[in-house]
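Quick notes on the structure that follows.
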Amino acid sequence: MKLNFIYLISLLTFLLFSCEKGFFEEPVNDPETNFEIFWKEFDEYYAPFEFKDLNWQDEYSQNRPLVTPITTNEELWNICTQMIDKLDDSHTFMIDYYHDKKFFLSGSRTREHAIAEFSRKVVRENYMNFLYEVARDTAITYGLIQGKNIGYIHFGDMQGDYPRDIQKIVEKFDNTEGLIVDIRNNGGGDPDYAFTSAGAFSDGEHFIFTVQSKNGSAHDDFDEPTKKITQKPDGYRYLKPVVLITDRQTISAGEDFCLNMKAFSHVYHIGDKTSGGTSNLSAIRTLPNGWAFGFSYQKTLSPSGVSFEGVGIPPDFFIKNTNVDIQQGIDKVLEYAIAYLE
Numbered sequence: 020m021k022l023n024f025i026y027l028i029s030l031l032t033f034l035l036f037s038c039e040k041g042f043f044e045e046p047v048n049d050p051e052t053n054f055e056i057f058w059k060e061f062d063e064y065y066a067p068f069e070f071k072d073l074n075w076q077d078e079y080s081q082n083r084p085l086v087t088p089i090t091t092n093e094e095l096w097n098i099c100t101q102m103i104d105k106l107d108d109s110h111t112f113m114i115d116y117y118h119d120k121k122f123f124l125s126g127s128r129t130r131e132h133a134i135a136e137f138s139r140k141v142v143r144e145n146y147m148n149f150l151y152e153v154a155r156d157t158a159i160t161y162g163l164i165q166g167k168n169i170g171y172i173h174f175g176d177m178q179g180d181y182p183r184d185i186q187k188i189v190e191k192f193d194n195t196e197g198l199i200v201d202i203r204n205n206g207g208g209d210p211d212y213a214f215t216s217a218g219a220f221s222d223g224e225h226f227i228f229t230v231q232s233k234n235g236s237a238h239d240d241f242d243e244p245t246k247k248i249t250q251k252p253d254g255y256r257y258l259k260p261v262v263l264i265t266d267r268q269t270i271s272a273g274e275d276f277c278l279n280m281k282a283f284s285h286v287y288h289i290g291d292k293t294s295g296g297t298s299n300l301s302a303i304r305t306l307p308n309g310w311a312f313g314f315s316y317q318k319t320l321s322p323s324g325v326s327f328e329g330v331g332i333p334p335d336f337f338i339k340n341t342n343v344d345i346q347q348g349i350d351k352v353l354e355y356a357i358a359y360l361e
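End of the sequence shown = 361 in the working numbering, gap-free, step of one.
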């Protein structure tokens, strides 16, 4: 399962207060042992190294001499987090359980601008006639654009117990001229939810990507590729023009949804590239000093063999807001989507 960021942070907060030592004999807790375990786990089980402009062995050679028996926790933390930050991977993190209660997410600084360049409040107050929130899935809001026969749906994440409800929501826009599906600042979630939700817009079955999981410690240990196909469910499907909007904070299962939608001929994709975190999250690893970390353990490839890890899924048309736009109550990206559908 792909974890939503809010869910991930909640899970890790729980672990801060609930972790117990296991029944197995623990390695020696010293800086050098912690570093060796940390580096080796990534070396053996991090899946997308071949798509990263980073040599992990070089990282070892450069950083191992910096770690000595007297290296402090703060120094070791900085060394390890600087290494994983270079991966620019939204499924790679480290957390300090017992000492400073710190949390570090790889590449997060490259996505901070996307948070500032989108505002639900600006959309709600300046562009909508009304905006509904789904009672049993509060990450979804929808309504009509002011003065236009154009619908708007925003997905805040891709998880919930009622993905089939999306068809009912989309059917409300049956008489509109077009629909804007906004997944900016989407924190991800459940890929099955993403596939089912995208099915409400499906024009048929399309092969969209393959996924392989790391299944051994050798660098080429992967299971057989699994093909992912768009769904064509029974029931209502919206086949009028759709504009899909993404940004660099569209992550994980949000990217699964994006890849589904891009396969449909009536969907036009605008905005910025997605985050580039299409893998699933590994099992949580722990170090002798109590730190925990996780990372991508899969590789996802387009039918032509292209990986979007770190790079992101490109839109058909690039357009971004600025901080100033949002501060002035303007969403140029949304305005472009509206103009496209008129």
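Even for Gly, the Cβ is constructed at its ideal location relative to N, Cα and C.
Quick one, which of Ile270, Cys277 and Asp239 has its alpha-carbon nearest Tyr64's? Asp239
Host alpha helix (DSSP H) of Ala133 (start-end): Glu131 to Ala135
In whole angstroms, what is the alpha-carbon distance linking Ala302 and Gly313? 6 Å
Consult DSSP for Asp201 and reduce its assignment to one of helix, strand or coil. strand
Same chain, Cβ closer than 6 Å to Pro252, neighbours up to 5 away in sequence not counted: Gly218
With a 10 Å radius around its C-beta and 16 neighbouring C-beta atoms as the bar for buried, classify Ser80 as buried or exposed. exposed
Could you check the C-alpha separation between Gly208 and Phe57 for me, to the nearest Å? 26 Å
Would you give the residue range spanned by the alpha helix (DSSP H) that Phe312 belongs to? Phe312 -> not in any alpha helix (DSSP H); beta strand (DSSP E) instead, spanning Trp310 to Gly313.
Using a Cβ-Cβ cut-off of 7 Å (strictly less than) and excluding sequence neighbours within five positions of Gln165, which residues of its own chain qualify? Tyr146, Met147 and Asn148
Report all residues from its chain with a CB closer than 6 Å to the CB of Thr297; omit the five preceding and five following residues, and keep chain order. Glu274, Thr319 and Phe327
Going residue by residue through the region 250-321, where are the continuous alpha helix (DSSP H) segments of at least 4 residues, counting only ones entirely within it? 272-281
CB-CB length for Ala66 against Tyr255, believed under 8 Å: That belief does not hold up - the Cβ atoms of Ala66 and Tyr255 are roughly 37 Å apart, past 8 Å.
Thinking C-beta only, is Thr269 closer than 9 Å to Asn340? no
Pairwise C-alpha distance: Glu69 and Ser323: 16 Å
Check whether the region 135-145 touches the region 341-355, counting contact only when three or more Cβ pairs, one atom from each stretch, lie closer than 8 Å. yes
For Val200 versus Val261, is the C-beta spacing smaller than 9 Å? yes
Any chance you could list the beta strand (DSSP E) runs of at least 3 consecutive residues sitting entirely within the region 139-204, in chain order? 147-153, 156-164, 169-174 and 197-201
Distance between Gly309 and Phe42 (C-alpha atoms, nearest Å): With a pLDDT of only 42 at Phe42, under the threshold of 50, the placement of this residue in the model should not be trusted; the figure read from the coordinates follows. C-alpha separation (whole angstroms): 15 Å.
Can you tell me whether DSSP reads Gly207 as helix, strand or coil? coil
Compute the Euclidean distance between the alpha carbons of His362 and Thr293, then round it to the nearest angstrom. Here the chain comprises residues numbered 20 to 361, so residue 362 is not present and cannot be evaluated.
Helix, strand or coil: which one does DSSP assign to Thr52? helix
Cβ of Glu354 within 9 Å of any chain B Cβ: This model lacks chain B altogether; it includes just one protein chain.
So who's on the other strand from Thr229, going by DSSP bridges? Lys246 and Leu320
Proximity of Leu95 and Pro50 at Cβ, strictly below 9 Å: yes
Answer with buried or exposed for Ile188, where buried requires no fewer than 16 other C-beta atoms within 10 angstroms of its C-beta. buried
Excluding sequence positions up to five away, which residues of its chain have a Cβ less than 6 Å from the Cβ of Gln186? Ala219, Gly254 and Tyr255
Status (buried if at least 16 other CB within 10 Å, exposed otherwise) for Ser271: buried
Helix, strand or coil, according to DSSP, for Ile114 in the structure here? strand
Delimiting residues of the alpha helix (DSSP H) encompassing Leu360: Lys351 to Leu360
When Glu144, Tyr117 and Val86 are compared against Phe345, the one with the closest alpha-carbon: One point to set straight first is that residue 345 is Ile, not Phe, in the sequence displayed. That would be Glu144, whose Cα lies nearest to the Cα of Ile345.
Separation of Phe54 from Thr100, as counted between CA atoms: 11 Å
Considering only the beta carbon of each residue, do Gly290 and Ile264 sit closer than 9 Å? yes
Is it buried or exposed, Ile89, if we count other Cβ atoms within 10 angstroms and call 16 or more buried? exposed
Would you report the Cα separation of Asn299 and Val230, rounded to the nearest angstrom? 10 Å
Alpha carbon to alpha carbon, what distance is there between Asn97 and Phe61? 17 Å
By the three-class DSSP mapping on this structure, what secondary structure does Leu106 have? coil
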